[in-house]
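Notes to accompany the following structure.
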Amino acid sequence: MAAVPPENMLARVLAHDHDADPTSARVLDAALEQFAEFGLRRTSMEDVARRAGVARITVYRRFASKNALVEAVLLREVRRFLEVFTAAVDGLPGVADRVAEGFVVTLRHARGHGLFQRLMATEPDALLPFLTVDSGPFLAAARTFLAGVLRGADGVAPDVAEDADVTAETLIRVMLSFVLAPDGCVPLGDDDRARRYARRHLAPMITRRPPEEP
Numbered sequence: 001m002a003a004v005p006p007e008n009m010l011a012r013v014l015a016h017d018h019d020a021d022p023t024s025a026r027v028l029d030a031a032l033e034q035f036a037e038f039g040l041r042r043t044s045m046e047d048v049a050r051r052a053g054v055a056r057i058t059v060y061r062r063f064a065s066k067n068a069l070v071e072a073v074l075l076r077e078v079r080r081f082l083e084v085f086t087a088a089v090d091g092l093p094g095v096a097d098r099v100a101e102g103f104v105v106t107l108r109h110a111r112g113h114g115l116f117q118r119l120m121a122t123e124p125d126a127l128l129p130f131l132t133v134d135s136g137p138f139l140a141a142a143r144t145f146l147a148g149v150l151r152g153a154d155g156v157a158p159d160v161a162e163d164a165d166v167t168a169e170t171l172i173r174v175m176l177s178f179v180l181a182p183d184g185c186v187p188l189g190d191d192d193r194a195r196r197y198a199r200r201h202l203a204p205m206i207t208r209r210p211p212e213e214p
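Here the sequence shown stands for residues 1 to 214, numbered as in our numbering.
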């Protein structure tokens with residue numbers, strides 16, 4: 001995959017607004033449901049058109065190929081996640097709170113996302129490259145986004161703010177490992193335990209202070 005500047009990738013995600021067109025939004029909703037139920041390979045443009053209740057040509061006028069439709073669905077889902085993430089952490093003043101809540105939201109979203117869970121279970125080869133060996137553009141965009149969240153929190157030491165990109169990437173890589181390989185000795189079975197873990201083990205990487213007592 002060609003290198004994509006992180007600001008360009010993030011801009012693509014945030015500017016992706018097919019929902020502004022009701023018909024495009026209807027097609028994307030249908031595609032998301034179809035992909036989650038049957039997977040990417042077993043879904044055709046005709047299947048999506050039928051589920052959306054529109055003509056096949058209507059789908060092709062908005063999305064020139066199945067690959068374009070898949071990309072549009074994934075970009076919209078990433079944007080939706082970022083909106084949920086931002087809403088969860090924006091009202092929290094402290095960086096430790098933001099890290100903990102962001103960790104919880106990420107785990108909860110991944111566990112409850114039908115398409116993500118479907119692809120992980122039945123078509124990991126379609127998803128994992130974008131999260132591992134080919135993750136460069138997506139990791140860069142996530143790093144740019146999270147670094148901005150960290151810099152905007154109260155209680156961030158000047159040296160941490162200056163090093164926010166490295167810190168953000170470290171957090172993303174840790175969170176991604178829990179999403180892709182959830183089984184282990186770390187107690188993350190519910191939001192409260194995940195929040196305690198993040199406050200004790202992740203937040204100190206940013207605050208540079210000893211972990212808070214649970």
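Even for Gly, the Cβ is constructed at its ideal location relative to N, Cα and C. Nothing here was measured: the structure is a model prediction, and the numbers come from that model.
Original post:
Quick one: is the Cβ of Ala203 within less than 7 Å of any heavy atom of the ligand PLP?
Top reply: Summarising the ligand content, the structure contains no ligands, and the ligand PLP is consequently not present.
Original post:
From which residue to which residue does the alpha helix (DSSP H) around Val133 run?
Top reply: To locate residue 133, count along the sequence shown from 1; it is residue 133. That residue, Val133, is in no alpha helix (DSSP H); it is neither H nor E in DSSP.
Subject >> Nearest-angstrom beta carbon gap, Leu69 and Val95 [assumed within contact, 8 Å] >> reply: Within the sequence shown, numbered from 1, the residue matching residue 95 stands at position 95. Within the sequence shown, numbered from 1, the residue matching residue 69 stands at position 69. Not quite, the Cβ-Cβ distance comes to about 39 Å (not below 8 Å), so this is no contact.
**OP:** Label Gly189 either buried or exposed according to how many other C-beta atoms from any shown protein chain fall within 10 Å of its C-beta, with 16 as the threshold for buried.
**Re:** Taking the sequence shown and counting its residues from 1, the one referred to as residue 189 is at position 189. Per the 10 Å Cβ criterion, exposed.
Original post:
Per DSSP, what kind of secondary structure is Gly94 in: helix, strand or coil?
Top reply: The residue given as residue 94 occupies position 94 in the sequence shown. Strand, per DSSP.
Subject >> Backbone CA spacing between Ser135 and Ile57 [nearest angstrom] >> reply: Taking the sequence shown and counting its residues from 1, one reaches residue 135 at position 135. Taking the sequence shown and counting its residues from 1, one reaches residue 57 at position 57. Computed Cα separation, rounded: 33 Å.
Subject >> Touching by the beta-carbon criterion (3+ pairs, under 8 Å), the stretch 103 to 112 and the stretch 78 to 89 >> reply: Note that the stretch 103 to 112 touches the stretch 78 to 89; at least 3 beta-carbon pairs, one per stretch, sit closer than 8 Å.
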